[in-house]
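Student: Here's a structure for you.
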Amino acid sequence: MVVADQVASHVEFIFTHYQELDGIRLMIGLFLFSVQIYCDFSGYSDIAIGVARLFGIRLSRNFAYPYFSRNIIEFWRRWNISLSFWFRDYVYIPLGGNRMGTARKTYNLFATFMLCGLWHGANWTYVAWGTLNALYYLPIQSKKKAKVPTKTIPDLREALSICFTFFMVMIAWTFFRAPTIADAVNYLGRIMTNFWDPTQRGYFGVAVLTSLCLLFVEWISRHQVHLLQICCHWPVYFRWLLYYSLVWLLFFHGNFGYVPFIYFQF
Amino acid sequence: MFRLSTFNSENSPFIFSLRVTIFLLPILLVGIFYEIILWNSGESWPISRIVEEQSRNPDLVWRRNYFSQFAETYKFLLVKQARKEILVVGSSRVLNFRSIFFHPFEGMFMNGGRLLSNLGDVASFADSLETGALPKPEVLIVGLDPWWLKQGSRVPRGFDPANLPEDAWEVGAHVSAITGLISNGSFPFQLLKPGQNLLTPFCNRPARGLAALFNGSAYRSDGSTLHEKVYADFLENPKYRDRENPPIIERVRALNGRFKPCPGIDPQKIDFLLKHLENLRHLGIEIVVFFPPFSDEVAAEISEIAELRKWWKDYWDLVPEILTARGFQIFGVSNPSVLGLDDRYMLDGFHPSEVLVAAILVDWLENVSSSSILASIDIGWLKSLSKNPRILPVGFGCDISEFAKYK
Numbered sequence: 001m002v003v004a005d006q007v008a009s010h011v012e013f014i015f016t017h018y019q020e021l022d023g024i025r026l027m028i029g030l031f032l033f034s035v036q037i038y039c040d041f042s043g044y045s046d047i048a049i050g051v052a053r054l055f056g057i058r059l060s061r062n063f064a065y066p067y068f069s070r071n072i073i074e075f076w077r078r079w080n081i082s083l084s085f086w087f088r089d090y091v092y093i094p095l096g097g098n099r100m101g102t103a104r105k106t107y108n109l110f111a112t113f114m115l116c117g118l119w120h121g122a123n124w125t126y127v128a129w130g131t132l133n134a135l136y137y138l139p140i141q142s143k144k145k146a147k148v149p150t151k152t153i154p155d156l157r158e159a160l161s162i163c164f165t166f167f168m169v170m171i172a173w174t175f176f177r178a179p180t181i182a183d184a185v186n187y188l189g190r191i192m193t194n195f196w197d198p199t200q201r202g203y204f205g206v207a208v209l210t211s212l213c214l215l216f217v218e219w220i221s222r223h224q225v226h227l228l229q230i231c232c233h234w235p236v237y238f239r240w241l242l243y244y245s246l247v248w249l250l251f252f253h254g255n256f257g258y259v260p261f262i263y264f265q266f
Numbered sequence: 001m002f003r004l005s006t007f008n009s010e011n012s013p014f015i016f017s018l019r020v021t022i023f024l025l026p027i028l029l030v031g032i033f034y035e036i037i038l039w040n041s042g043e044s045w046p047i048s049r050i051v052e053e054q055s056r057n058p059d060l061v062w063r064r065n066y067f068s069q070f071a072e073t074y075k076f077l078l079v080k081q082a083r084k085e086i087l088v089v090g091s092s093r094v095l096n097f098r099s100i101f102f103h104p105f106e107g108m109f110m111n112g113g114r115l116l117s118n119l120g121d122v123a124s125f126a127d128s129l130e131t132g133a134l135p136k137p138e139v140l141i142v143g144l145d146p147w148w149l150k151q152g153s154r155v156p157r158g159f160d161p162a163n164l165p166e167d168a169w170e171v172g173a174h175v176s177a178i179t180g181l182i183s184n185g186s187f188p189f190q191l192l193k194p195g196q197n198l199l200t201p202f203c204n205r206p207a208r209g210l211a212a213l214f215n216g217s218a219y220r221s222d223g224s225t226l227h228e229k230v231y232a233d234f235l236e237n238p239k240y241r242d243r244e245n246p247p248i249i250e251r252v253r254a255l256n257g258r259f260k261p262c263p264g265i266d267p268q269k270i271d272f273l274l275k276h277l278e279n280l281r282h283l284g285i286e287i288v289v290f291f292p293p294f295s296d297e298v299a300a301e302i303s304e305i306a307e308l309r310k311w312w313k314d315y316w317d318l319v320p321e322i323l324t325a326r327g328f329q330i331f332g333v334s335n336p337s338v339l340g341l342d343d344r345y346m347l348d349g350f351h352p353s354e355v356l357v358a359a360i361l362v363d364w365l366e367n368v369s370s371s372s373i374l375a376s377i378d379i380g381w382l383k384s385l386s387k388n389p390r391i392l393p394v395g396f397g398c399d400i401s402e403f404a405k406y407k
């Protein structure tokens with residue numbers, strides 16, 4: 001939540017002033033929004049899981065390091081798991097799933113994703129976002145569940161797959177964040193037509209660095225269900241030191257103004 | 001979908017609660033320590049309480065450092081509570097009008113500087129007087145800033161009297177105040193004791209709020225500002241220094257912020273202003289428009305910049321002409337040298353010192369023909385203020401004993 005709220009003002013600025021910014025800054029905007037929506041939603045899912053646990057209720061995890069997915073299928077198995085599994089179980093499979101030929105399967109896929117987009121709001125931008133995600137699915141034939149890689153440093157193929165998937169997801173987020181489809185198209189168009197303007201200054205360095213740090217910590221602990229599980233076996237003093245450091249981060253770098261959860265609007 | 005299960009922990013709820021309590025205890029203790037300091041210093045007092053305190057004790061000065069200033073809220077409540085006959089409103093550039101300038105009517109004056117930041121605020125203020133949300137003064141001096149009238153932007157929305165901002169009860173404001181104090185390495189243990197007679201650092205005036213206590217930068221009960229640190233700074237180095245950050249002259253040269261290039265004054269904004277001023281006049285209020293000065297340095301720079309020249313010239317020529325033609329009284333000077341003074345009489349590039357404001361007022365009152373209270377102001381007294389050998393160009397300093405007999 002601390003990271004999400006830190007980058008929120010930059011994302012707001014970039015998406016509001018996208019017509020004045022060059023492509024590099026717009027790409028940074030997309031990257032920061034990808035981080036913001038993940039941290040925001042994943043953060044509040046964790047709060048819900050933690051609060052429920054206090055009352056003796058275990059809730060299943062909702063995010064499993066989705067930005068380290070190597071293809072879009074894997075991404076949707078790791079992103080908003082409760083919602084994507086609900087759509088799979090209650091829309092995609094009842095429509096026939098993969099069992100009724102390629103044409104019907106494609107239809108089911110698009111119907112499910114467009115509905116998933118509409119679930120987020122009655123705006124064409126969400127439909128476009130859903131459609132784009134369905135399009136990403138089409139070229140992927142194999143639906144074999146990919147194994148989680150165990151190496152700390154991925155091989156080139158894996159690294160490229162992760163980067164490409166993240167890039168495609170980022171492009172789709174443009175439609176999710178922009179107020180209209182025209183804005184999203186113009187945003188992406190501007191990235192391609194005006195990539196670098198030497199007169200512009202500032203690369204939102206702190207926000208980008210914070211986001212990269214977060215992704216790095218996630219990468220290190222990606223085999224755990226939760227980030228803090230890495231310290232489960234540490235001596236209590238070190239654990240408490242880590243917890244106090246997190247409290248310090250929260251108080252000194254958290255945004256205590258009113259920044260509503262992105263997903264509260266849905 | 002969510003998978004539910006019963007919680008089967010090896011730890012009992014008691015042990016868990018105990019651990020959480022022990023973990024949170026140091027954080028709570030630090031929080032309580034700073035909350036006591038914030039409360040005892042008056043930093044976390046609600047603005048409404050400050051207004052009440054100042055009405056009971058007119059010597060009390062106040063300004064927050066870590067909580068939001070919310071000057072519009074403070075001034076709105078102050079003006080509402082004080083119900084004065086002579087009222088100055090405008091941006092921070094009118095804050096150095098003081099009650100002592102209006103002898104023998106000191107008790108009738110209130111400074112509402114920072115209540116207005118743009119034309120939208122002028123409309124909100126006029127509406128507040130019309131609806132009775134604010135008491136009606138006899139004389140209203142409106143400080144008019146040139147950027148309010150610039151072409152190329154819409155009139156912003158003014159303040160909402162029914163929804164004035166205040167953060168004294170917001171958790172986030174308390175957290176950022178405490179983290180701000182810790183980040184600055186500030187551990188003012190002396191403030192742990194309640195009920196102390198807290199004073200400003202240079203002139204020993206009763207004070208509340210950490211900006212007042214640390215820097216002597218505060219609002220007096222008449223709404224004007226006290227700048228003790230500026231006095232101290234000037235005594236050490238008696239030269240003009242643009243104390244804004246970044247300095248106003250740099251903003252002008254960079255054509256930044258309020259000095260962005262503009263083709264001139266917007267006629268629609270003039271109409272907007274006139275409409276609201278006339279509405280106020282229809283309420284029976286005598287309206288005077290004040291044109292606050294800039295430093296000689298800034299005035300010279302703006303007149304040299306082609307992208308600002310017409311806007312600047314229109315503001316000083318055309319706008320006064322239109323206002324005068326519509327029957328409004330006006331006064332002001334573009335820069336101190338017009339009155340034979342210099343930039344030492346400016347706090348920065350666009351904030352005049354109280355001494356300069358007094359000089360501008362004298363210059364105007366000597367020639368004005370007013371039927372109101374203004375005609376009865378003791379100009380001799382006002383002049384004597386400026387001639388007092390103990391005054392500094394940046395302010396009347398700490399020694400106010402000579403004014404005491406008029407309180």
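If you read the protein sequences in the order shown, they are chains W and L. First residue of the first sequence? That's 1 in my numbering, and the numbers climb one at a time after it. First residue of the second sequence? That's 1 in my numbering, and the numbers climb one at a time after it. For each residue, glycine too, the CB sits at the ideal point set by N, CA and C. It should be emphasised that the depicted structure is a prediction, and the values quoted were computed from it without experimental measurement.
Pull up the distance between the alpha-carbon of residue 384 of chain L and that of residue 181 of chain L, whole angstroms please.
Tutor: Locating residue 384 of chain L in the second sequence gives position 384, counting from the first residue. Locating residue 181 of chain L in the second sequence gives position 181, counting from the first residue. Between residue 384 of chain L and residue 181 of chain L, the C-alpha separation is close to 43 Å.
Student: Output yes if chain W places a C-beta closer than 8 Å to the C-beta of residue 179 of chain L; else output no.
Tutor: Here residue 179 of chain L is taken as the residue at index 179 of the second sequence, counted from 1. By this cut-off, residue 179 of chain L is an interface position.
Student: Distance cutoff 8 Å, beta carbons only. Does residue 113 of chain W sit that close to anything in chain L?
Tutor: Residue numbering aside, residue 113 of chain W sits at position 113 when the first sequence is read from its first letter. False, the Cβ-Cβ gap to chain L never drops below 8 Å.
Student: Quick check: what's the CA-CA separation for residue 274 of chain W versus residue 163 of chain L?
Tutor: Outside the displayed range of chain W (1 to 266) lies residue 274 of chain W, so it cannot be described from this structure.
Student: Of all Cβ atoms in chain W, is any one closer than 8 Å to the Cβ of residue 172 of chain L?
Tutor: Your numbering for residue 172 of chain L matches position 172 in the second sequence. With 8 Å as the cut-off, residue 172 of chain L counts as an interface residue toward chain W.
Student: Measure the alpha-carbon distance for residue 96 of chain L versus residue 352 of chain L and round it to whole angstroms.
Tutor: Start at 1 with the first residue of the second sequence, and residue 96 of chain L comes out as number 96. Start at 1 with the first residue of the second sequence, and residue 352 of chain L comes out as number 352. Straight-line Cα distance between these residues: approximately 7 Å.
Student: Determine whether the Cβ of residue 70 of chain L lies closer than 8 Å to any Cβ atom of chain W.
Tutor: In the second sequence, the residue the question calls residue 70 of chain L occupies position 70. False, the Cβ-Cβ gap to chain W never drops below 8 Å.
Student: Considering only the alpha carbon of each residue, which of W:243, W:192, W:75, W:160 lies closest to residue 25 of chain W?
Tutor: Here residue 25 of chain W corresponds to residue number 25 of the first sequence, with the count starting at 1. Taking only the C-alpha atoms, the option nearest residue 25 of chain W is W:192.
Student: I'd like the list of long-range same chain contacts for residue 116 of chain L, defined as Cβ closer than 7 Å, with 5 residues on each side in sequence excluded.
Tutor: Counting from one through the second sequence, the residue named residue 116 of chain L turns up at place 116. Counting only Cβ-Cβ distances below 7 Å, and skipping sequence neighbours, we find 89, 90, 91, 122, 125.
Student: Beta-carbon separation of residue 175 of chain L and residue 256 of chain W under 8 Å?
Tutor: Residue mapping note: residue 175 of chain L aligns to position 175 of the second sequence, counting from 1. Residue mapping note: residue 256 of chain W aligns to position 256 of the first sequence, counting from 1. Yes, the pair counts as a contact, with Cβ atoms nearer than the cut-off.
Student: Taking residue 27 of chain L as the query, report the chain W residues whose CB atoms sit under 9 Å from its CB, ordered along the chain.
Tutor: For the purposes of this step, residue 27 of chain L is identified with residue 27 of the second sequence, where counting begins at 1. Ordered by position in chain W, the residues that pass the 9 Å Cβ test against residue 27 of chain L are 244, 247, 251.
Student: Could one say the Cβ of residue 1 of chain W lies closer than 8 Å to chain L's Cβ atoms, at least one of them?
Tutor: Here residue 1 of chain W refers to the residue found at position 1 when the first sequence is read from its first residue. No - not a single Cβ of chain L is within 8 Å of the one on residue 1 of chain W.
Student: Work out the CA separation of residue 290 of chain L and residue 144 of chain L for me, nearest whole Å.
Tutor: Stepping through the second sequence from its first residue, residue 144 of chain L is reached at position 144. Stepping through the second sequence from its first residue, residue 290 of chain L is reached at position 290. Looking at the two C-alpha atoms, the distance is approximately 6 Å.
Student: Is DSSP giving residue 415 of chain L helix, strand or coil here?
Tutor: The question about residue 415 of chain L has no answer, for chain L in this structure spans 1 to 407.
Student: Under the rule that 16 or more other beta-carbon atoms within 10 Å means buried, what is residue 409 of chain L, buried or exposed?
Tutor: Residue 409 of chain L lies beyond the range of chain L shown here (1 to 407); nothing can be said about it.
Student: Less than 8 Å between CB atoms is the rule here; does residue 186 of chain L satisfy it with respect to chain W?
Tutor: The residue given as residue 186 of chain L occupies position 186 in the second sequence. False, the Cβ-Cβ gap to chain W never drops below 8 Å.
Student: Could you have a look at residue 217 of chain L and say whether DSSP puts it in helix, strand or coil?
Tutor: One-based indexing of the second sequence puts residue 217 of chain L at position 217. In this structure, residue 217 of chain L counts as strand in the three-state DSSP scheme.
Student: Taking Cβ positions only, does residue 23 of chain L come closer than 8 Å to chain W?
Tutor: Looking up residue 23 of chain L in the second sequence gives position 23. Chain W contact via Cβ: present.
Student: Return the CA-CA distance between residue 411 of chain L and residue 259 of chain L, expressed in angstroms with no decimal places.
Tutor: The requested residue 411 of chain L is not part of the displayed model; chain L covers only 1 to 407.
Student: Would you say residue 129 of chain W faces chain L, with C-beta separation under 8 Å as the test?
Tutor: Position 129 of the first sequence, counting from 1, holds the residue named residue 129 of chain W. Closer than 8 Å: no.
Student: Let me see if you follow: with CB-CB separation under 8 Å, is residue 175 of chain L close to chain W or not?
Tutor: Taking the first residue of the second sequence as 1, we reach residue 175 of chain L at position 175. Yes, contact with chain W.
Student: Relative to the C-alpha of residue 153 of chain W, which candidate in W:53, W:246, W:216 has its C-alpha closest?
Tutor: Within the first sequence, the letter at position 153 stands for residue 153 of chain W. Comparing Cα positions, the closest option is W:216.
Student: CB residue 394 of chain L to CB residue 234 of chain L, shorter than 8 Å?
Tutor: In the second sequence, residue 394 of chain L corresponds to position 394, counting from 1. In the second sequence, residue 234 of chain L corresponds to position 234, counting from 1. The answer is yes: Cβ separation under 8 Å.
Student: What is the residue span of the beta strand (DSSP E) that residue 227 of chain L lies within?
Tutor: Here the question's residue 227 of chain L lines up with position 227 in the second sequence. Here the beta strand (DSSP E) through residue 227 of chain L covers 225 to 227.
Student: Whole-angstrom Cβ separation of residue 382 of chain L and residue 361 of chain L, contact assumed at under 8 Å?
Tutor: Stepping through the second sequence from its first residue, residue 382 of chain L is reached at position 382. Stepping through the second sequence from its first residue, residue 361 of chain L is reached at position 361. Going by Cβ atoms, the distance from residue 382 of chain L to residue 361 of chain L rounds to 6 Å, so yes, they are a contact pair.
Student: For residue 355 of chain L, name the three-state secondary structure that DSSP assigns.
Tutor: As a position in the second sequence, residue 355 of chain L is number 355, starting the count at 1. Residue 355 of chain L: helix per DSSP, three-state reduction.
Student: Counting only beta-carbon atoms, is residue 406 of chain L nearer than 8 Å to chain W?
Tutor: Taking the first residue of the second sequence as position 1, residue 406 of chain L is located at position 406. Reliability of the predicted coordinates at residue 406 of chain L is poor, the pLDDT of 36 falling under 50, and the value obtained from them is presented with this limitation in mind. It does not; no Cβ of chain W falls within 8 Å.
Student: Using beta-carbon positions only, say whether residue 408 of chain L and residue 74 of chain L come within less than 8 Å of one another.
Tutor: As displayed, chain L neither begins before 1 nor continues past 407, which places residue 408 of chain L out of reach and without an answer.
Student: Return yes when the Cβ of residue 41 of chain L is within less than 8 Å of the Cβ of residue 213 of chain L, no when it is not.
Tutor: Residue numbering aside, residue 213 of chain L sits at position 213 when the second sequence is read from its first letter. Residue numbering aside, residue 41 of chain L sits at position 41 when the second sequence is read from its first letter. A contact, by the Cβ cut-off of 8 Å.
Student: Does the count of Cβ pairs from the region 367 to 376 of chain L and the region 213 to 224 of chain L closer than 8 Å reach three?
Tutor: Result no; under three Cβ-Cβ pairs closer than 8 Å.
Student: Tell me, which residues are paired with residue 286 of chain L by DSSP?
Tutor: Within the second sequence, the letter at position 286 stands for residue 286 of chain L. Beta-bridge pairing links residue 286 of chain L to L:139.
Student: Restricting to Cα atoms, I'd like to know which of W:32, W:67, W:233 is closest to residue 177 of chain W.
Tutor: Here residue 177 of chain W corresponds to residue number 177 of the first sequence, with the count starting at 1. Looking at the Cα atoms, W:32 is the closest of the given residues.
Student: Given a threshold of 16 other Cβ atoms within 10 Å of its Cβ, counted over all protein chains shown, does residue 65 of chain W qualify as buried or as exposed?
Tutor: Taking the first residue of the first sequence as 1, we reach residue 65 of chain W at position 65. Buried, since its Cβ has 16 or more Cβ neighbours within 10 Å.
Student: Starting from residue 240 of chain W, find everything on chain L with Cβ-Cβ shorter than 9 Å and list it in chain order.
Tutor: Residue mapping note: residue 240 of chain W aligns to position 240 of the first sequence, counting from 1. The answer, in chain order, is 23.
Student: Check the C-beta distance from residue 311 of chain L over to residue 265 of chain L and give it rounded, since I have them as a contact under 8 Å.
Tutor: By one-based count along the second sequence, residue 311 of chain L stands at place 311. By one-based count along the second sequence, residue 265 of chain L stands at place 265. About 6 Å; that satisfies the 8 Å criterion.
Student: Can you list, in chain order, the residues of its chain whose CB lies under 6 Å from that of residue 157 of chain L, leaving out five sequence neighbours each side?
Tutor: Along the second sequence, one-based indexing puts residue 157 of chain L at 157. The answer, listed in chain order, is 120.
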